[in-house]
Each structure stands twice: as C-alpha cells, then as structure tokens.
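Below is one structure, written out as structure tokens; the observations come after it.
Residue numbers (the numbering used here): 71 to 322.
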C-alpha cells in the first residue's frame, strides 16, 4: 500500500507505518462466526467460535460453553496459536541462524593457544560483532569504504606475520601444557613378581560405593615401558596387557 502511494506521487514521513496500522485494522480480511449447538463436550462446551482468513483459507476454532460478547471479544483480542511446520520459512531461516550465532561467537573469541581470534587468522582483521552495531565503536562510526578497502589489503599483506606469531604461541603453549602434565605425573614401575591393584574395568557396571580398584594381581612379564602382563591369585593370566596408569602398588 505504501509503495502504491509512492508510485502515485505521494509521500509523508510515516507513510509505511500508517499503511501497516491501517491494514491491521481492516476487518474484511477475516471473518468470525458461531456454530452450534453441538452435543455437550468436556467443560459443558457446545458451541464453536470459528475464525476464517479469507485469503489463505486458514480456519481456527475454539469451543465455548456459552455465547457472550465477552467470550467473542476475548478470542478476537487474545493470543493466537500459530502453527508452523519444520519446512516453513521460519524454520528454514531461524534454525541456521541459531547455529550461526554460536559459530560467530567461536570465530570472534580469542584462543588461549594463539592469542588471536580464528577470524583474524583467516582474514587478517577482526570481525565487526553485533555489539558494535548496537553501541557503535570507533571504527563503525568512522567507517569509510575506500579506507576500509585499503586497510583490508594492508592487513592481507601482514597476515603471514600474524600467523607466524600465532604458530610460535601454539608451540609455547604446548610446552607449558607438557611441563604442567609432567609435574602432576608420578613415575611408577613394577618388577616381575610384584603385587599390584588393577583399576576396575570401565565396561563393568559399578555403583557409587563400589571399589574402583581390585586385586591383588601378580606381575608376570614386563612387555615394554609401562606395560605389564598380570595373573590372578589362582595363577590364571589376564586376557590382555595393562598400562601402568591403571595399576598401583599393593601393600599387604
């Protein structure tokens, strides 16, 4: 309606909003009727208040126990349930947008290992996040298309240096993690004939109060560094070798 007015040569500042308001008040686009009485249903309901959209032919009905002006007005002005299938435009648009929000958050969050955001390592510059549009930042307020294009080209020339710095940070981060792990790890080794406890197999269902270690078992062979073959107290070998992380010394 607003576009028709524009094409006819008319204009006023609030023409679009006025058109929306006028269309929403038009009562010729839908109709309401009362059907019944029917056999009594739950809640003494025997009438149907039926609303029809003349354009889409969509029909909605609400059962009523009695016909009053208040009931009809409540239905007309109340909240309506809007049905939507999974292939509707809302589903096809809003569902990917929900995934995109989490992806944007991941792309624009600095990583502890690199010190940079994934977006900057790919494009050489930081992305404009939605918060900068709601509360404009300096670069948004002073945006210039020509300057922006030149800066993007300059950043692409410097992106190799940025990636090399990120690579060095990753190596340093790995060394920190390795050293931190080594400080927590206690070296253990066993000899043939030692008695050990074995961690309960994760495949076995256990309760919260059940023991997490079982045994003792006897070490019968050292296969390699930290790998041992065991046998139970009756001399039967266990079906597979066990890593030292799943064993601990048994003290009688």
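Yeah, the Cβ is synthetic: ideal placement off N, Cα and C, and Gly gets one too.
Can you tell me where the beta strand (DSSP E) holding residue i begins and where it ends?
| i | result |
| --- | --- |
| residue 133 | 129-134 |
| residue 235 | Counting along the chain, residue 235 falls outside any beta strand (DSSP E), though it belongs to the alpha helix (DSSP H) covering 215-254. |
Tell me the DSSP secondary structure of residue i in three-state form.
| i | result |
| --- | --- |
| residue 122 | strand |
| residue 286 | strand |
| residue 268 | strand |
| residue 291 | strand |
| residue 318 | strand |
| residue 189 | helix |
| residue 312 | strand |
| residue 101 | strand |
Output the distance between the C-alpha atoms of residue i and residue j, rounded to the nearest integer angstrom.
| i | j | result |
| --- | --- | --- |
| residue 131 | residue 278 | 54 Å |
| residue 240 | residue 86 | 55 Å |
| residue 311 | residue 256 | 21 Å |
| residue 204 | residue 216 | 23 Å |
| residue 173 | residue 188 | 11 Å |
| residue 208 | residue 199 | 13 Å |
| residue 285 | residue 264 | 12 Å |
| residue 194 | residue 248 | 30 Å |
| residue 313 | residue 290 | 14 Å |
| residue 179 | residue 134 | 55 Å |
| residue 267 | residue 316 | 8 Å |
| residue 113 | residue 129 | 23 Å |
| residue 308 | residue 230 | 55 Å |
| residue 75 | residue 92 | 14 Å |
| residue 224 | residue 191 | 14 Å |
| residue 110 | residue 122 | 24 Å |
| residue 238 | residue 220 | 28 Å |
| residue 206 | residue 80 | 34 Å |
So residue i and residue j are supposed to be a Cβ contact under 8 Å. How far apart are they, rounded?
| i | j | result |
| --- | --- | --- |
| residue 300 | residue 288 | 7 Å |
| residue 196 | residue 232 | Rounded, the Cβ-Cβ distance is 11 Å, inconsistent with contact. |
| residue 262 | residue 292 | 6 Å |
| residue 183 | residue 243 | 4 Å |
| residue 117 | residue 106 | 4 Å |
So residue i is in the alpha helix (DSSP H); what residue range does that whole segment cover?
| i | result |
| --- | --- |
| residue 297 | Here residue 297 belongs to no alpha helix (DSSP H); instead the beta strand (DSSP E) covers 297-301. |
| residue 203 | 200-204 |
| residue 210 | 208-211 |
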